[in-house]
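Asker: Dumping the structure here so I can ask a few things about it.
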Amino acid sequence: MDATQVSDDMFGRACRLPLMLWVLDHPKGRVYQSEPPESLGARTALRQELDRMARAGLLREERPDGDPRVYYAKTDSPLWDIVQTARDVLKRTTTSQPVPD
Numbered sequence: 013m014d015a016t017q018v019s020d021d022m023f024g025r026a027c028r029l030p031l032m033l034w035v036l037d038h039p040k041g042r043v044y045q046s047e048p049p050e051s052l053g054a055r056t057a058l059r060q061e062l063d064r065m066a067r068a069g070l071l072r073e074e075r076p077d078g079d080p081r082v083y084y085a086k087t088d089s090p091l092w093d094i095v096q097t098a099r100d101v102l103k104r105t106t107t108s109q110p111v112p113d
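If you want it as structure tokens, here you go:
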């Protein structure tokens, strides 16, 4: 069992859970919209997922004054507990692919 298969089956899109795990682990707690690695999915799909995460309250969209770039800051939403639980389950059941810490 790997994160992309579980994400596709349970979360509706293969890149959704891996992106959430990546954001959860990001050391800054704030990411630029094109910062997630392409190994997680196509750029357009990742931007769409960041927008969805913002709508769900997992992220807060930030647009600094005079800066056309869009940043997303991780919130303290309790929904992150779901992502952490998914990671914990994947770690217990994964044999072939590593799950991000």
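Numbering (my numbering), first residue to last: 13 to 113.
The beta carbon of each residue, even a glycine, is placed where N, CA and C say it ideally should be.
1. Can you grab the Cα-Cα spacing for the pair Lys86 / Phe23, in whole Å?
2. Just checking, does the segment 67–74 make contact with the segment 90–98 on the three C-beta pairs under 8 Å criterion?
3. Assign Arg42 to one of three DSSP states: helix, strand, or coil.
4. Looking at C-alpha atoms only, which residue of Ala98, Tyr84, Pro80, Asp79 is the closest neighbour of Glu61?
5. Can you give me the C-alpha to C-alpha distance between Lys103 and Thr97, rounded to a whole angstrom?
6. Should Val101 go down as buried or exposed, given a rule of 16 or more other Cβ atoms within 10 Å for buried?
Answerer: To lay it out plainly:
1. 19 Å
2. yes
3. strand
4. Tyr84
5. 10 Å
6. Looking at its Cβ environment, which holds fewer than 16 other Cβ atoms inside 10 Å, Val101 is exposed.
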